[in-house]
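Report on the following structure.
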Amino acid sequence: MTEQNPHDRTNTQARLWTGGALLLFLVVPALIWFLARDTLSAALTADDIAALIRALGGWAIAASLILMILCALSPLPAELVAIANGMVYGSVTGFVLTWASALIGATIAFSLARALGRPAIIALLSPENGRKFDALTHKHGAGMLFIGRSIPLVPYFLLNFAFGLSPIRWWTYIWVSALGMIPMTFLMVLFGEHLSVTLF
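For this note's numbering, count along the sequence shown from 1 and bump the result up by 66.
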C-alpha cells in the first residue's frame, strides 16, 4: 500500500479547511434563507421593525444601520428594513441611511467571502474550471452585479458573498453596488413613507 505523500496530505487538509469556509459563508446562509423565508415573512413585518426603531429613541439610527448590515450578512429581509426606514425617517433620510448602511454591509460580506471563501473556490475547482469561473466573472462580473442589485432575483446577502468569491475588483464591486442599489432602495423607502402616511 502506497503511503500518502506529505505534500498531498497538506493539500487535502487545505481543501477541507477552505471547503469548510465556503460552506460556512455561502451554502449555510443560503440553506437558512430557503428554509426560513416563509417563516420570516409571516412572522416579521415592516411595521414591526418600524415600531422597534421608533422605540429605541436616540439609538434609532444606529439600530437601522445595524439591521441593514445584518441583512447583508444573513437571511434577514432587507426589503422590510428599507420599508421601515421609509416609514420612520421619510424618503430622503430613509434612503440615505438605507443605501449607505446596505453598502457598508455588502462590503463587509464581500470582504469575508474574499478572505475565507475565495481560497475554497481555488482549492475545490479544477484548474480549468477555476480559469473559466474567473474569466466569466472577470468579463461579465460588473454587468451581472448591476443586474443583481437592480432586479433582486437573488437574495441580497447571497449576492454579496457570491461576488466575494469572484475575482471582481474591490473598487468595481463597490461602485457598481452603490449604483445598482439606488433604484430598489429608493422604491422600498418611498413605499414605506407612503405606507406610513396612509396608516398614520
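A virtual CB, placed ideally from N, CA and C, is assigned to each residue, including glycine.
The DSSP-derived three-state label of Leu122 is coil. The alpha-carbon separation between Gly171 and Asp113 amounts to approximately 22 Å. When the five nearest sequence neighbours on each side are left out, the beta carbons in the same chain lying within less than 6 Å of the beta carbon of Leu131 are those of Ser167, in order along the chain. Thr159: member of the alpha helix (DSSP H) spanning 157-178, first to last residue.
Under the three-state reduction of DSSP output, Arg215 falls in the helix class. The C-beta separation of Phe223 from Cys137 comes to about 7 Å, placing the pair in contact by the 8 Å criterion.
Per DSSP, the unbroken alpha helix (DSSP H) holding Ala228 starts and ends at 222-230.
Each residue's CA atom was taken as its position, placing Val162 and Ala201 some 35 Å apart.
The segment 145-155 makes contact with the segment 245-261, as at least three CB pairs between them are under 8 Å. For Val220, the CB contacts under 7 Å within the same chain, skipping 5 residues up- and downstream, are Gly214 in chain order. Relative to Gly209, the option among Leu245, Val154, Ala129 whose CA is nearest is Leu245. Under the three-state reduction of DSSP output, Ile234 falls in the coil class, being neither helix nor strand. Pro218 and Thr164 have their C-alpha atoms roughly 16 Å apart. Between the C-alpha atoms of Thr238 and Leu139 there is a straight-line separation of about 20 Å. Here the C-alpha atom of Asn226 lies approximately 22 Å from the C-alpha atom of Ala150. By the neighbour-count criterion, in which 16 or more other beta carbons inside 10 Å mark a residue as buried, Ala181 falls on the exposed side.
Ser243 sits in a helix when the DSSP states are folded into three classes. Shown here for Ile127: same chain residues with a beta carbon closer than 7 Å to its own, the five before and five after excluded, namely Leu163 in chain order. In this structure, Gly207 lies away from Ile174, with their beta-carbon atoms at least 8 Å apart.
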